[in-house]
Every structure is written in C-alpha cells, then in structure tokens.
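K.L.:
Number 265 marks the last residue of the sequence shown (the UniProt record's numbering); no jumps.
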Amino acid sequence: MLKVLVNGADGRMGSQAVKAVYEDKDLELAGGVSITHIGEDLGEIAGIGTLHMPVRDNLGKTIDDVKPDVVVDFTSPRAIFDNAKTVIEHGVNMVVGTTGLTAEQRDELGKMALAEGTCIFIAPNFGLGAVLMMKISTEVAKYLPDVEIIEMHHNNKLDAPSGTSIMTANMIAAARKEAGIEPAPDKTHESLEGARGTKVDGIPIHSVRLPGYVAHQQVLFGGYGEYLTIRHDSIDRKSFMPGVILAVKKVGSHPGLTFGLENFL
Ligand code: NAP
C-alpha cells in the first residue's frame, strides 16, 4: 500500500484527490495539509464522511509525522515551488498538479530530485482527453502550421495562460520545427494591447476567465478555405482523478523529473 499525503487538501482539486486516494484499494490516505480549515475533518471536507483525520498545517512537519510515500500537491502557483523543494528535501516522491511552475523551476526541481534520489511528476493536465488533445494537435500542426489557442477557465483560476495551453503551444512548436514548416507571418500592424493574445513559442494564446467554466481549450488550425478546431472540455474535476491516481502509482519508478501524463500512458 502506498501512503499518500495531499497538500491543498481542502481545495477544489485537493478534496477530489483526497476522495480518489481514499477510494482506491491500493492506496492509503496518510493525511491532508492546507493553510486554512486546519483541524477540520478531511473526510467531511471531501464529502466522504468523518475520517477522524484533521487537516494539518506545515507540510514539512506533517511529512515527518506521517511518513508518506507520495505527496500530491494541488495548491497555488505562488506556493508550489517551495512546496516541491520541501517534499524533495524530505526524500519523498511527489505528484504535482498545481500549475504555474516555469520551465527553469521544473528543471531545478528535476535536478534536486535526482540529487536526493527522489521522483517528481508534474502534469499541467491530468485529463486523458486533454492529453489526447495535445497529442492530436502535434499531428495536425505538421500539415496546418497556422494555429491559435483559446483556453477558458473558471474565474477563480490564479494563473494565465493555463499550463495546458502553454504545454500545447510548446508541443505544437516542436512538431512544426521537426517537420520543417513555418506558420504564415502575423500581418497585424495595429492592435490594442492584448488583442492578439500572449505568444508562447510564437503561438497566440487567448485566456478567458468566467464563472461557470471548469477547464476548456480550443486549438484552432487554419488552412486554405478550411479550418480545423480541436476542442476539449473538462466539465467535472472528477475527470482529472484517474490521471492523478495513475501518476501516484507510477511516479516512484521514474527518478528525477517527469513532465506530462503522456509519459505514463
Ligand atoms: P483551490 O480550490 O484554490 O485549492 C487550493 C488549496 O490549496 C486551497 O485550499 C488553498 O488554501 C490551499 N493552499 C494555498 N497555498 C497553500 C500552501 N502553501 N500550502 C498548503 N495549501 C495551500 O484551487 P484548485 O482549483 O484546487 O487548483 C489548485 C491548482 O491545481 C491550481 O494551480 C490549478 O491551476 C491546478 N489544476 C491543475 C489541474 C491538472 O490537471 N493538473 C486541474 C485543475 C486545476 P486557501 O483557500 O486558503 O488559499
């Protein structure tokens, strides 16, 4: 049985992770950490009944006390770098769903993990459909190089553009480069700031934040007299949990950093 500690356990994703870990017969829920709801019952918050397991503060001390095999983190872009360093320094494997880490920070964490002999897995998106959306987009980009991304999320999301859209842009740009094809130049000469989105690897990303949305993305490819749109919609946070559980079970056999769920499929 793998012992799993959830950081950000009282959040929207963290409480789903608590429930998913608790319900998996091969995993043992070791506890939950947050910065609010301290002392409240983890099970009550996750909607699975009383577990007599209070939400704890202080990630490092909780790791010392409960000795988990894996820490799952769904906290905040502001906190994730320090959280990850704490977990790695404690010699524990980690699954990161929190977005907002830069490529440089990921590299640093990967090096730290290798030095400490631990494993860290980071995925901007744990949804199977979202991973397929990215994979299919790289195929299409070899034939239709002109592409823009629109990502739509709930209005409580703290970072923009989304980690998924950044990863999609990175993957499309790499596929275009490998295929040796270039997009048409952007001929916009005058625009209000932000009107053409933000550019990641030269690909415009437009971010929408509205109540009612969960996590959605469209990848729009343009051609001559035709266009192709790939769209993915997560309508329930439950959709991310099979990916989280898969990562928890596989992370320990991949030393250093692994980035992206496609590596575990
Ligand atoms: P949320 O509802 O705000 O939950 C985050 C929780 O973490 C909150 O309860 C927050 O407490 C707590 N927290 C903040 N800083 C902390 C710290 N230093 N230590 C411990 N707990 C801390 O957010 P969410 O919607 O669950 O999203 C969490 C992260 O997951 C975001 O980065 C989001 O983009 C990402 N996400 C990833 C995926 C994926 O598939 N990879 C899918 C959805 C979301 P307070 O409420 O007091 O701030």
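Glycine is no exception: its CB is placed at the ideal position from the N, C-alpha and C atoms. Here the structure is a predicted model, which means the values were calculated and not measured.
1. My understanding is that Pro68 touches Val4, with C-beta atoms under 8 Å, so please give their C-beta distance in whole angstroms.
2. If you follow the beta strand (DSSP E) that Gly31 is in, where does it begin and where does it stop?
3. Go to Thr62, then tell me how far its beta strand (DSSP E) extends in each direction, as first and last residue.
4. Pick helix, strand or coil for Asp69, following the three-state DSSP scheme.
5. In the DSSP output, which residue or residues are listed as bridge partners for Thr258?
6. Considering Cα atoms alone, identify which of Glu44, Glu193, Asn7, Gly39 is closest to Ala30.
7. What are the start and end residues of the beta strand (DSSP E) that includes Thr229?
8. Any heavy atom of the ligand NAP closer than 8 Å to the beta-carbon of residue 269?
9. Using the DSSP secondary-structure output, state which residues sit across from Leu109 in a beta bridge.
10. His216: beta carbon under 8 Å from a heavy atom of the ligand NAP?
11. Could you check whether Arg196 and His216 sit closer than 9 Å to each other, using their CB atoms as the reference points?
12. Residue range of the alpha helix (DSSP H) that Val18 falls in?
13. Give the range of the alpha helix (DSSP H) segment to which Glu190 is assigned.
14. Give the single residue among Lys250, Val71, Gly225, His90 whose Cα lies nearest to the Cα of Ala17.
15. Taking three-plus beta-carbon pairs below 8 Å as touching, is the region 118-128 in contact with the region 161-171?
16. Could you tell me the alpha carbon to alpha carbon distance between Ile235 and Met152, rounded to whole angstroms?
17. What separation, rounded to the nearest whole angstrom, lies between the Cα atoms of Met53 and Phe259?
18. Can you look up Lys238 in the DSSP assignment and give me helix, strand or coil?
19. Any contact of the region 86-95 with the region 105-121, i.e. 3+ C-beta pairs under 8 Å?
20. Can you list, in chain order, the residues of its chain whose CB lies under 7 Å from that of Ala184, leaving out five sequence neighbours each side?
21. Could you pull out every residue in the same chain whose Cβ sits closer than 6 Å to the Cβ of Gly32, ignoring the five residues on either side in sequence?
22. Hey, Val131 and Phe221 are a contact pair by Cβ (cut 8 Å); roughly how many whole angstroms apart?
23. Pick from Leu228, Val244, Phe264: whose alpha carbon is nearest that of Ile136?
P.N.:
Quick look at the numbers:
1. Taking the Cβ atoms as the reference, Pro68 lies roughly 6 Å from Val4, within the contact range of under 8 Å.
2. For Gly31, the enclosing beta strand (DSSP E) starts and ends at 27-33.
3. It is not in any beta strand (DSSP E) - Thr62 instead sits in the alpha helix (DSSP H) that spans 59-66.
4. Reduced to three states, the DSSP call for Asp69 is coil.
5. DSSP lists Phe121 as partners of Thr258.
6. The shortest C-alpha separation from Ala30 is found at Asn7.
7. According to the DSSP assignment, Thr229 belongs to the beta strand (DSSP E) that extends over 227-234.
8. Residue 269 lies beyond the residue range present for the chain, which begins at 1 and ends at 265; the question has no answer from this structure.
9. Checking the DSSP bridge columns, you'll see Leu109 has no partner listed.
10. Taking non-hydrogen atoms of the ligand NAP into account, the C-beta of His216 is found less than 8 Å away from none of them.
11. Taking 9 Å as the Cβ cut-off, His216 and Arg196 do not qualify as a contacting pair.
12. Start and end: 12-23.
13. In the DSSP assignment, Glu190 falls outside any alpha helix (DSSP H) and carries neither an H nor an E.
14. The shortest Cα separation from Ala17 among Lys250, Val71, Gly225, His90 belongs to Val71.
15. These segments touch.
16. Straight-line Cα distance between these residues: approximately 12 Å.
17. One alpha carbon belongs to Met53, the other to Phe259, and they sit about 31 Å apart.
18. In the three-state scheme derived from DSSP, where H, G and I count as helix and E and B as strand, Lys238 is classed as helix.
19. Put simply, the region 86-95 touches the region 105-121. At least three CB pairs are less than 8 Å apart.
20. When the five nearest sequence neighbours on each side are left out, the beta carbons in the same chain lying within less than 7 Å of the beta carbon of Ala184 are those of Asp146, in order along the chain.
21. Closer than 6 Å at the Cβ level, and outside the excluded window around Gly32, lie Val6, Ala9, Val18, Leu42, Val55.
22. The C-beta distance from Val131 to Phe221 rounds to 18 Å, too long to fall under 8 Å, and the pair is not in contact.
23. The option with the nearest alpha carbon to Ile136 is Leu228.
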